[in-house]
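S.K.: Here the working numbering is used: the first residue of the sequence shown is 5, the next is one more, and so on. Note that the Cβ used here is the ideal one computed from N, Cα and C, for glycine as well. Please read these numbers as outputs of a predicted model, since none were measured by experiment. A single structure is presented below for examination.
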Amino acid sequence: MSISFDKALGIHQHTVGVRAKRAETLASNLANANTPGYKAKDIDFQRALSAATSEAKIGLSRTNNRHISASTTLMGEQKYRVPTQPDTGDGNTVDAQLEQNLFMQNSLEYQASLDFLGSKFKNLSKALKGE
């Protein structure tokens, strides 16, 4: 009898990747809070998660038959966020306090996903040991 990791781990294996990608995006926003003309970006978590769970792939075209065929998984498309503050004159739309709050919330949810995955692996280990 084989173990299906997709069934055993559930959705948590996908949430970790999406949350990590969102953390990178939010960190980039914070790093560019004082960069003139920088536009704040974010990832729609629900859309990115559904793309990750459906394993939507983009095929890359080959120009020669000897080229290796490749595809990539859609992890989450970055989109510009609607500004919550008036323009300060430099064209930057990053609200540092909002970004910090979103980053903290995302990191808590990331840790929760890791905890869920840890418990799943712990249960699988117990099942393999016969406990």
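Between L34, V20, A12 and G21, which lies nearest to T97 when the distance is taken from Cα to Cα?
M.R.: Among L34, V20, A12 and G21, the Cα nearest to that of T97 is on L34.
S.K.: What residue range is occupied by the uninterrupted alpha helix (DSSP H) comprising Y42?
M.R.: Neither: Y42 is in no alpha helix (DSSP H) and is coded neither H nor E.
S.K.: Roughly how many whole angstroms lie between the Cα atoms of T29 and D46?
M.R.: C-alpha separation (whole angstroms): 6 Å.
S.K.: In terms of residues, what are the limits of the beta strand (DSSP E) holding Q82?
M.R.: Element bounds for Q82: Q82 to Y84.
S.K.: Excluding the five sequence neighbours on either side, which residues of its own chain have a C-beta within less than 7 Å of the C-beta of E113, listed in chain order?
M.R.: Here the set comprises R23.
S.K.: Would you grab the beta carbon distance between N105 and R26 for me? Rounded to a whole angstrom, and I think it's under 8 Å.
M.R.: N105 to R26, Cβ: 13 Å. No contact.
S.K.: Would you mind sorting H18 into buried or exposed? The rule is 16 or more other CB atoms within 10 Å of its CB.
M.R.: By the neighbour-count rule (16 or more Cβ atoms within 10 Å), H18 is buried.
S.K.: Between which residues of its own chain and D94 is the CB-CB distance below 8 Å, once the five residues before and five after are set aside?
M.R.: Hits under 8 Å: P40 and G41.
S.K.: Let me know if E135 comes out buried or exposed under the rule of 16 or more other beta-carbons within 10 Å of its beta-carbon.
M.R.: Classification for E135: exposed.
S.K.: On a CA-only basis, which of G122, A31, A12 and F49 is nearest M108? Give me that one, please.
M.R.: Measuring from the Cα of M108, the nearest candidate turns out to be A31.
S.K.: Are the Cβ atoms of F125 and H16 separated by less than 7 Å?
M.R.: Cβ atoms of F125 and H16: not closer than 7 Å.
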